[in-house]
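Notes for the one structure printed next.
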Amino acid sequence: MNTNHDTLISADAAARAIAIDVTRSVMVKAPAGSGKTTLLAQRMLAALATVNDPEEVLAITFTNKAANEMRARVLDFLQRAADGVEPTNDSERVTAQLAGPVLARDQERGWDVLRNPSRLRIMTIDSLNSFLAGLAPIVSGLGGGVGIEERPARLYRDAVIALVDEMDELAEDSDDRQALTRLLAYSSNRVESLIPLLRSMLARRDQWMALVMGRVSDSDAMVAASHAALAELAVSRVERVRGAAWSGHLADIAAAAHDAGLLEEAGLPDAYTHDIRTYRTLAGLCLTKTGGLRKRLTASEGFPAGKVPTVCANAALAALRERTDEADIVQALRDVEMLPDLDALDGADGFALDLSRVLYRLCAHLQVVFQRAGAIDFVEMSMRALSTVTGAGGQIPLAERMDYLISHILLDEAQDTSAAQYGLLLALTGAWTPDDARSVFIVGDPQQSIYSFREAEVRLFVELWQRRTLGDISLETVELAANFRSRAGIIEFCNEMFSRSFPTDDDLFAGSVSYAPSVAMRGEGGVVDLELINGEAGETEAQRAALIAADLIARSPDESIAVLVRNRADVRRIVEAFKLAGVPYSCQDIDPLAKSDAVRDVVGMIRALWHYGDRVAWGTLLRAPWVGLSWSDFLVLTKGRTHGSLDDAIRAELMGSSLSDEGRARLNRLTAAMDAARRDAPLAGNLADFAEAVWLALGGPACVSLTEAEDVRQVFALLRESLIGGQLESPEAFSEALAGLYAAAGAGRVQIMTIHKAKGLEFDHVLLAGLWRAPRNSDAPLLAYRHTEHGLLLAPAVERSGDEAHEAYYKTILAMNRRAADAEALRVLYVAATRARERLVIFGAVSTSDSGYFPPRGSMLDKVWPSLATRVAGITAHAGQDVPEPPRELEPLSPRLPVDWECPLPLLGYVPPESKVVSPSELVVRESLGVGAAEDGVYERVVGTCYHELMERVAKRGGPDQFDEVLNKAKAPLAASMRHRGMPEPRLMEAMARVIELARRTVTGVNGRRILSATEGARSEERVAGYVDGEWVSAIIDRCFVEGGRCVQIDYKTSGAGVSDAEWDAFVASEVAIYGRQQRLYAQVLEGAARMPVDAYLYFPERDFLATVPM
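Numbering (this note's numbering), first residue to last: 1 to 1111.
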């Protein structure tokens, strides 16, 4: 590609013009920082101007955050146009030109989109699947509604265990039993080794289920597909060699080998599968056992010295070695050499047939597990959505499923799309014709495809790009080049580094993509620093990062700073260095919740209360700081007791005299707390309530920080989700779910996060750490498999087969997976580097040789090292130092509570039982409306209450970016809540729509997002009480959080519908006057509980409006 600045800018402008032309279906490559979200919003505006209803335009994203950002961008563009804001640059002028016709269409058709933003059909792929499947519950098989299990691993495990349990029920000569027996033999008859394999297969079943479920008795559909895929792979690799610029030299070697009697034919045969052996032989002649090009051929390879064929062959080898693309030659020949003999794969074929049979039954067990759990996974939802669109007998027009047509589809982040998601897109557009004025817009960046662990396949994007058709729809392909994020210095560095490190061509089978350069639009500047460390880098890297971050904070106090790491394991030393240097930091999804001492203590207590015979858990409970039993007293309880529970031992020892006085007092506190909770039948019947009551009674909150208290709250919330009938059926599933949670992020100027977490974000200054760590060597998997365009490549582990063809097949797949992982690692580095706006700092550990510095082999830094040579030449590396990890403290990190500790009861902050006499909300009602007025207006009252409930769910489940996901789960409980509160059935759907509309305005509004996104000290529906003006005041705060050292108090008000613009200010003033006293009372109570000044506001979701309550 021509990288001339003016040429790239001109091509970029032309590409953007094509991208917003809705008369064309377009596919766009949009590199990092190219303004993709703005382009999507502009395309949506252009589409909206052509339709009768806004729902005809469907935009699909992959995260709730992206969906909300896109919706907010479209609404902002429309609002600016409605307000007559003058554009200041070319992009804004284009946007204004597109927004004008939309506003005219809006007025003409009565959409009122600015007041009803939910009419913009912007959805995540998961929300779309749920929506489509729900349109036809019988066709999709969802029936009367089903939940989504976000952590389906336990469901997969249950299905595998049910399959193994069924083995004894099958006849011994049953084909399915014998298949499972052989499969178990591959895993050394260890079910625990088989479970991970089958779980991973279930997570990807949308890619193979059609082959398995469509088979009849002894059909070998999976084997046939695997052979077809392997044959296609072989042909593609041979074609790559035949079409290479250096193939003439290989043809000379082939001719010499023919003359030497080693090959039947002279020259290079056509790329048919039966000629693969010829190319494998040639590759073997050219390559050494270590994988490099040979210096010469000798008699050992069949080329005696002095013979003409030997001279010719060695001359051709020398010519190959002299080429500058030697590395590409070696890779191409190695790929061919590793290909298996397609006619000798009986061992692998037998395994594939056994696996096919087992998976067939496993899918049936999974359906039973889904029914029992009342929930399905996202894969199942996507498959059922596809069945809704296509139907059992083929394509069914969408008009029969929906009350509107889809005229335009926009797909974001297409590089992360899975095969099932592309299948859905094909089904949605299957009935479209070239002349029906519909369009598809697909945008993505294959250079940012880093989610293979979520089943995303970059090859799908590349295939679509090369094919330029989606079903029968022709796609125009355009590439963007302008970067509006980073300064020129950073862009030039990325272009230099990645253009040399990325492959020159896309490789579908290897999962690698070529690099597309960018051009900076923000002007000159931009700094790239390489911080090299000679020797052990861990401690020195962390110290240097802390020093640099502290300096940046001092010099640029208003600019954002991030430290990005490849793996969470790299964070520990960095965090310690930041603590020592006093640099304020915030970690995003870094510290596993289960590793927190506070959480470990609480989980130990939960397990102890769940099973009184769990002596390890009881040991954790007794040593927790809020029980605080000494080791000597603990020994008294356990010595000589090999049977029975520690609860029994405690009660027995309390009757004796062996315990110390302090130990006796501490155990009396424990048993008193447990016995009090047991006497409350509803409390004792729910493990989460029971455990939390004991923890509170023992003073658990006094032993944790505010951040740890939030972590503990997450544990109890997860426990409540895991209970069935108040009891924990599977502690293993609870532990697995807990392993997926992370400690709450603190507040700090520097954000520390993984590179994957940083995707979609940008920072003024970015520090990249841990890039020098080489990946760990993993054990050979039981099963090697890889999905390709033509089918599934699949082979069991080599040591369990014993034949050469099978071994080559297995190693070929492993090599493909390794190359795909290496290619993705390079893309991960690209994502990391392109987060920086002003400064990029790269840390690297190096060693020294005669030729200079070099990084650890196989590390991420190693992949780009050749392109850094000129920059490295003038750098002096810091001396590394290896500081041993400090030994873990034996004593609890939190001090034990004093034996005579009692819960303090401050004057303000006590929460008494509900009392109608002291409820301030009813005082307000009596004063302004009169007694009994609360019984009127059932509709308004229920809408208000249910809105509060929904906002609480949104706040607790990840904030506004998770709204669609929360809403999908909340619809059924929302309807039940409304019926319970007396909502008349004829108005139920109207009321639900009203609540959802208000909620959507909240999560898309500037003020609403601020309220729900706050994390510091954030609480929803928080109960506090205190003694104010001579009476106890019990308050429920709708939402409160800390901001700028002050507590912000929010009271939701769902009124305001139908109020005109002219009347709005007077309406708000009236509401503030009515509720002002109530909010001031609440604020006084909250100030006592929070120990900081309080600012009170009324929030009106009708207009995303915040009204200040005078204090």
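Glycine included, every Cβ here is placed at the ideal spot set by N, Cα and C.
Return the first residue and the last residue of the alpha helix (DSSP H) that residue i is part of.
i: residue 1114; result: What is shown of the chain runs 1 to 1111, which leaves residue 1114 out entirely.
i: residue 948; result: 938-956
i: residue 1078; result: 1061-1090
i: residue 422; result: 419-428
i: residue 466; result: 458-467
i: residue 810; result: 804-833
i: residue 195; result: 191-203
i: residue 270; result: Where residue 270 is concerned, there is no enclosing alpha helix (DSSP H), given that its DSSP letter is neither H nor E.
i: residue 249; result: 247-259
i: residue 678; result: 661-679
i: residue 331; result: 326-337
i: residue 382; result: 378-390
DSSP puts residue i in a beta bridge; with which residues?
i: residue 534; result: 846 and 879
i: residue 1118; result: Given a span of 1 to 1111 for the chain in the structure shown, any question on residue 1118 remains unanswerable.
i: residue 1107; result: 1098
i: residue 121; result: 58
i: residue 1051; result: 1098
i: residue 27; result: 442 and 477
i: residue 786; result: 793
i: residue 840; result: 528 and 766
i: residue 854; result: 847
i: residue 1043; result: 1046
Express the C-alpha separation of residue j and residue i in angstroms, rounding to a whole number.
i: residue 586; j: residue 751; result: 5 angstroms
i: residue 754; j: residue 743; result: 14 angstroms
i: residue 581; j: residue 571; result: 15 angstroms
i: residue 519; j: residue 31; result: 10 angstroms
i: residue 379; j: residue 316; result: 53 angstroms
i: residue 1084; j: residue 1032; result: 12 angstroms
i: residue 393; j: residue 414; result: Caution applies to residue 393, whose pLDDT of 46 falls short of 50 and renders its modelled position unreliable; the model cannot decide the point.
i: residue 147; j: residue 369; result: 13 angstroms
i: residue 1107; j: residue 776; result: 56 angstroms
i: residue 785; j: residue 362; result: 18 angstroms
i: residue 896; j: residue 500; result: 59 angstroms
i: residue 6; j: residue 497; result: 21 angstroms
i: residue 629; j: residue 635; result: 10 angstroms
i: residue 20; j: residue 59; result: 14 angstroms
i: residue 640; j: residue 646; result: 12 angstroms
i: residue 677; j: residue 671; result: 10 angstroms
i: residue 207; j: residue 56; result: 30 angstroms
i: residue 436; j: residue 407; result: 9 angstroms
i: residue 972; j: residue 1094; result: 36 angstroms
Check for me: the beta strand (DSSP E) holding residue i runs from which residue to which?
i: residue 1095; result: 1094-1100
i: residue 413; result: Per DSSP, residue 413 belongs to no beta strand (DSSP E) and is neither H nor E.
i: residue 22; result: Where residue 22 is concerned, there is no enclosing beta strand (DSSP E), given that its DSSP letter is neither H nor E.
i: residue 276; result: Residue 276 -> not in any beta strand (DSSP E); alpha helix (DSSP H) instead, spanning 276-286.
i: residue 1177; result: Summary: the structure shown does not reach residue 1177, with the chain confined to residues 1 through 1111, and so no result is reported for it.
i: residue 751; result: 750-754
Under 8 angstroms by Cβ, that's how I've got residue i and residue j pegged, so tell me the actual separation to the nearest angstrom.
i: residue 279; j: residue 238; result: 5 angstroms
i: residue 950; j: residue 999; result: 5 angstroms
i: residue 411; j: residue 425; result: 6 angstroms
i: residue 864; j: residue 829; result: 7 angstroms
i: residue 471; j: residue 430; result: 6 angstroms
i: residue 1127; j: residue 991; result: Limits of the chain in this structure are 1 at one end and 1111 at the other, which puts residue 1127 out of reach.
i: residue 282; j: residue 254; result: 6 angstroms
Quick check on residue i - is its C-beta less than 8 angstroms from some C-beta in chain D?
i: residue 68; result: Of the chains in the structure shown, none is chain D; there is only one protein chain.
If we require 3 or more residues per run, which beta strand (DSSP E) segments fall completely within the stretch 967-1002? If one requires a minimum length of 3 residues, no beta strand (DSSP E) run lies completely within the stretch 967-1002.
Jot down the residue ranges of each uninterrupted alpha helix (DSSP H) in the stretch 553-633, minimum 4 residues, whole runs only, in chain order. Complete alpha helix (DSSP H) runs here, min 4: 571-581, 597-610 and 615-623.
Let me know the beta strand (DSSP E) ranges lying completely inside the stretch 31-98, each 3 residues or longer, listed in chain order. 57-61, all fully within the stretch 31-98.
For the stretch 476-533, which segments carrying the beta strand (DSSP E) assignment without a break, of at least 3 residues, lie completely within its bounds, in sequence order? As far as the stretch 476-533 is concerned, its whole beta strand (DSSP E) runs of at least 3 residues are 476-479.
Please give me, in chain order, every unbroken run of the alpha helix (DSSP H) with length at least 4 that falls completely inside the stretch 1003-1036. The qualifying runs are 1006-1013.
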